[in-house]
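Residue numbers (my numbering): 40 to 786. Even for Gly, the Cβ is constructed at its ideal location relative to N, Cα and C. First up is the structure itself, then whatever we jot down about it.
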């Protein structure tokens, strides 16, 4: 049986939903655009670009795409400076999610970003419509970037991170998901193309979406953004796949029989042929509307789907990517080689150039070094489109304008040259002029104003803090956010109140401004503490949340009694919003090393009260998680109380549970029990072996023997998984999907 060994690795947070596609290739003294392209002339090589819009909404460092002005500026920059011919645009993927997915409020940070803020971006600001218009106005193609297998995850997998949302097709038809060999667990992410209903549904969805919104085509990546797959052969034993396998190996059941290497390879082909069938159907529909289909291939292992982050070898399992067949049948218009080393990329490009010779199929490659002659001249000459990633902080699209700058060009009529002048000033290529930079915070163009603030930070221009504070009320979100970030470096006695005033005055609360403001308040330090403590009781929800989150860092290295008392009063007050109570509990967790022994005991007893009471699940399950995290510092008597309380709470997820978190809360409470070692695991084991409640037994089995901690399932081998199931699995009770009431309500 094919397997991979269980690796030893540090737990990594899944910080940015889409940043994996921009893995940075190490470079040494790269050539830049200014070395190769002269102002006003062609780039002399085919260039494309990728923009992961959602990444830009999450971080202040990326170029902003959160308003018509900033989006139009990005496309103007790409077109005029670099003659970019095609933009792969991921912003449309989030619109697909909002059209077809169920979003849960059970993870406030991601719900706030990926639902509330993204919804505002798409349906009020109309970011995707503006992007399509801007691309076409600048003579560029714009291609919808999305995931072939990315359809969200079941809540007990995705609630931890990175995101709690799932395609309604998966929710309404769990049987359409790739299932494990026992027909029990659903693969986190995909819908199985082995079902004709899935192929028809998704083909129609994508064709309608691309044509109605005037994209020029669609491009698919092939990983899934979760770490729920434990071994390559874990999922997809649907009846159509088994029937195909039986044609070649009659009487051999891959769900139970040990397979030879050749048989496992053929099983991957049986799965992959349905992917091919879907792509054929989709391509035919797109072609009739003049749209194109692009497939991403993993540079190192193009015959399988891509891995996500560091997980081997593919996050979608053992499914053949039949790219050579796609070429022969003409069902793909372009291949995009992504990830891997430069050597891996070029080896695959050599194969693709040979395989596509004489066909109209185009090729592209993801690279941070499009102007490095020694690496890419041969491929550029062969027509391979070199594709930098705007989402990446290190790429060779490093200049907004290629013209030479001087102190006088800050007054140019071209906003790109004004911005480049400021960038060169901040990079110490031009003399520092803090007054000119401060004046530029009032420039007509938002990206120039934003860059001016960044330059003031780079120059440590403390004498210009008034200009930075004024920018907190700029009409552009990206400028307000950058002003908040700049105040981390240069601030004065009015900076903390100014931040809270800006948050309170926003008509639509900016997710990113709150995120950055909390960090800045913490960076201001003790001078901000009185303002922050007062702000936790503000009438504005945005101000309260920001201040509570700022206390997470202000509480260190030692949590004062004043901070502890304020957080305690928020967490324990039933009249306080569930979200504020949630953030207070998180603050106790992240700052737990700063708690005194007495504070830890008081906190533990408070958490026990929340677990035992009729508290909103959003607060209750977070309290359970924090209680588990405090376990190493608890007195033995308190640990015994915690195990008893967590066991009682876990039992409430059994048969007939009416909790709004019934589909996932058991995982988090069970993980908290597991943290208490043998006593907690003993409680879980007693639930697993009892016969009265099938759901309780199954959930205890999953927590103990199919663990998912820190959003990562433990890797295993196929043989180990089969043996574990045979020895420990109770009767499977069925699938429990999302309950409709959100988890901010009561039980």
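message: Less than 7 Å between C-beta atoms, sequence neighbours within five positions excluded: which residues of the same chain meet that for residue 623?
response: 587, 606, 609, 610
message: Could you compute how far the alpha carbon of residue 241 sits from the alpha carbon of residue 636?
response: 56 Å
- prompt: Start and end of the alpha helix (DSSP H) containing residue 157?
  reply: 157-162
message: Classify residue 52: buried if its beta carbon has 16 or more other beta carbons within 10 angstroms, exposed otherwise.
response: Confidence is the limiting factor: at residue 52 the pLDDT is only 31, short of 50, which leaves the residue's position unreliable, though a coordinate-based value still follows. Exposed: under 16 other Cβ atoms inside 10 Å.
Cut-off 8 Å between Cβ atoms - residues of its own chain near residue 96, not counting five sequence neighbours on either side: 104, 105, 152, 156, 157, 160, 550, 551
- request: Give the secondary structure of residue 87 by DSSP, where H, G and I count as helix, E and B as strand, and everything else as coil.
  value: strand
field: Backbone CA spacing between residue 198 and residue 267 [nearest angstrom]
entry: 12 Å
query: Apart from the five residues just before and just after residue 24, which ones in its own chain have a Cβ nearer than 8 Å to its Cβ?
result: The structure shown does not extend to residue 24, since the chain is modelled only from 40 to 786, so the question has no answer here.
task: Give the single residue among 575, 511, 773 whose Cα lies nearest to the Cα of residue 533.
output: 511
Nearest neighbour of residue 553, chosen from 515, 585, 291 [CA to CA]: 585
query: Whose C-alpha, out of 477, 357, 92, 667, is nearest the C-alpha of residue 231?
result: 357
query: Tell me, which residues are paired with residue 555 by DSSP?
result: For residue 555, which the question treats as bridged, DSSP gives no partner whatsoever.
message: Taking DSSP's pairing of strands, which residues face residue 747 in a bridge?
response: 752
query: For the alpha helix (DSSP H) that contains residue 416, what are its first and last residues?
result: 412-420
query: When the Cα of residue 258 is compared with those of 216, 321, 305, 293, which residue comes out closest?
result: 321
message: Report the start-end ranges of each beta strand (DSSP E) in the segment 288-346 that is 3 residues or longer and not cut off at the edges.
response: 331-337
message: At the level of alpha carbons, what is the spacing between residue 276 and residue 238?
response: 17 Å
- prompt: Are the beta-carbon atoms of residue 446 and residue 426 separated by less than 9 Å?
  reply: no
query: What are the uninterrupted segments assigned as alpha helix (DSSP H) that are 4 or more residues long and contained completely in the segment 630-683, given in chain order?
result: 636-651, 656-668
- prompt: Using 8 Å as the Cβ pair cut-off and three pairs as the minimum, do the segment 666-683 and the segment 694-706 touch?
  reply: no
query: Just to confirm, are residue 589 and residue 571 a CB contact at a threshold of 9 Å?
result: yes
Length of the line joining the Cα atoms of residue 519 and residue 536: 15 Å
- prompt: Can you round the beta-carbon distance between residue 766 and residue 733 to whole angstroms, since I take them to be within the 8 Å contact cut?
  reply: The Cβ separation is near 18 Å, so there is no contact.
Residue 773 versus 350, 221, 730, 335, residue with shortest Cα-Cα distance: 221
task: Report yes if the C-beta distance between residue 112 and residue 454 is below 9 Å; otherwise report no.
output: yes
message: Please report the straight-line C-alpha distance between residue 541 and residue 245, rounded to a whole angstrom.
response: 40 Å
field: Spatial neighbours of residue 621 in its chain, beta-carbon cut-off 7 Å, leaving aside the 5 residues before and after
entry: 147, 657, 658, 661
message: What does the Cβ neighbour count give for residue 559, buried or exposed, with the cut at 16 atoms within 10 Å?
response: buried
Backbone CA spacing between residue 331 and residue 403 [nearest angstrom]: 14 Å
message: Applying the 10 Å Cβ sphere with the 16-neighbour rule, what's the burial state of residue 450?
response: exposed
- prompt: Does the segment 382-391 come close enough to the segment 308-318 that 3 or more CB-CB pairs lie under 8 Å?
  reply: no
- prompt: Could you give the C-beta distance for residue 498 and residue 109, rounded to a whole number, given that I count them as a contact under 8 Å?
  reply: The Cβ separation is near 24 Å, so there is no contact.
- prompt: Would you say the beta carbon of residue 198 comes nearer than 8 Å to a heavy atom of the ligand FAD?
  reply: Judged by which ligands are present, the structure shown has none, so any question about the ligand FAD falls away.
message: Going by beta-carbon coordinates alone, are residue 757 and residue 270 separated by less than 9 Å?
response: yes
- request: Just the C-alpha distance for residue 65 and residue 576, rounded to the nearest angstrom, thanks.
  value: For residue 65, the predicted model reports a pLDDT of 30, less than 50, meaning its position is unreliable and no value from the coordinates is stated.
- prompt: Rounded to a whole number of angstroms, what is the C-alpha to C-alpha distance between residue 481 and residue 538?
  reply: 19 Å
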